[in-house]
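Residue numbers (our numbering): 3 to 234. Encoded as structure tokens, the structure appears first; notes follow it.
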């Protein structure tokens, strides 16, 4: 199978004020939109010079390109998001910038997953504690409004755990540039689903806001959002 353009957009990623062509090339494997050998390709709008680099996790579904300023740089950065096709609707994400005539990676989801780890432990009195190891923060999730069928499997009549129970936090399922300050420089909002007894037992989401500090994207803010329940 021959390489073909998967997606393409235009923006000033070289910082010279001229639009450049940014593409992802790949090889379609089947009739469904699953791609392999995904490669980021940039053609300079002035010189025609072509930059290219294979993506770390070079396969997946529906690659998406976004261009914008994620740092105090003249040029726009390149954000690539690729659906993995997993049951948790997870994505792989990468950020590149052109530096000294090379495509330099500023962010990868693989590195993020190693840096941002969590502990999810069920507690007595119908609660779950989520601990974020990166910033040593703890969040408490209230389970008291869950169904009696759900709670009775975990707790006795006094609300005490019948046995230790742990959940987990999935890899990222959302990766969104957001201009919170409306200054033209975007931060990154990363969503990760919190799972309880099983993957479909969603307790909420960890939302991490990452900002460029001059050398890397670091944690700026962190939130845990939970699902609401119908009023009785």
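Glycine included, C-beta positions come from ideal geometry on N, C-alpha and C. Being a predicted model, the structure only gives us computed values, none of them experimental.
Beta-carbon proximity of residue 230 to residue 196, cut-off 8 Å: The residue you call residue 230 lines up with position 228 of the chain shown. The residue you call residue 196 lines up with position 194 of the chain shown. Not in contact: residue 230 and residue 196 (Cβ atoms no closer than 8 Å).
Is the distance from the Cβ of residue 98 to the Cβ of residue 106 below 8 Å? Position 96 of the chain shown, counting from 1, holds the residue named residue 98. Position 104 of the chain shown, counting from 1, holds the residue named residue 106. Cβ distance < 8 Å, so residue 98 and residue 106 count as in contact.
Quick check: residue 180 and residue 193, are their CB atoms within less than 8 Å of each other? Position 178 of the chain shown, counting from 1, holds the residue named residue 180. Position 191 of the chain shown, counting from 1, holds the residue named residue 193. Result no, Cβ atoms of residue 180 and residue 193 do not sit closer than 8 Å.
Go ahead and pull the three-state DSSP assignment for residue 101. Locating residue 101 in the chain shown gives position 99, counting from the first residue. Residue 101 falls in the strand class under three-state DSSP.
From residue 150 to residue 131, what does the alpha carbon distance come to, in whole angstroms? Here residue 150 is taken as the residue at index 148 of the chain shown, counted from 1. Here residue 131 is taken as the residue at index 129 of the chain shown, counted from 1. Distance between the alpha carbons of residue 150 and residue 131 is about 20 Å.
Where are the alpha helix (DSSP H) runs, 4 residues long or more, that stay fully inside the segment 89-144, in chain order? 111-117
Whole angstroms are fine: how far does the CA of residue 146 sit from the CA of residue 152? Position 150 of the chain shown, counting from 1, holds the residue named residue 152. Position 144 of the chain shown, counting from 1, holds the residue named residue 146. Each residue's Cα considered, the two are about 10 Å apart.
From 222, 8, 227 and 46, residue whose alpha carbon lies closest to that of residue 82: Position 80 of the chain shown, counted from the first residue, corresponds to residue 82. Among 222, 8, 227 and 46, the Cα nearest to that of residue 82 is on 8.
Tell me which same chain residues have a C-beta within less than 7 Å of the C-beta of residue 85, skipping the five on either side of it? The residue you call residue 85 lines up with position 83 of the chain shown. Excluding positions up to five away in sequence, the list reads 62, 63, 64 and 93.
Can you grab the Cα-Cα spacing for the pair residue 37 / residue 54, in whole Å? To locate residue 37, count along the chain shown from 1; it is residue 35. To locate residue 54, count along the chain shown from 1; it is residue 52. Spanning the two alpha carbons is a distance of roughly 17 Å.
For residue 152, the three-state DSSP class (helix, strand or coil): Translated into positions along the chain shown, residue 152 becomes position 150. Correct three-state label for residue 152: helix.
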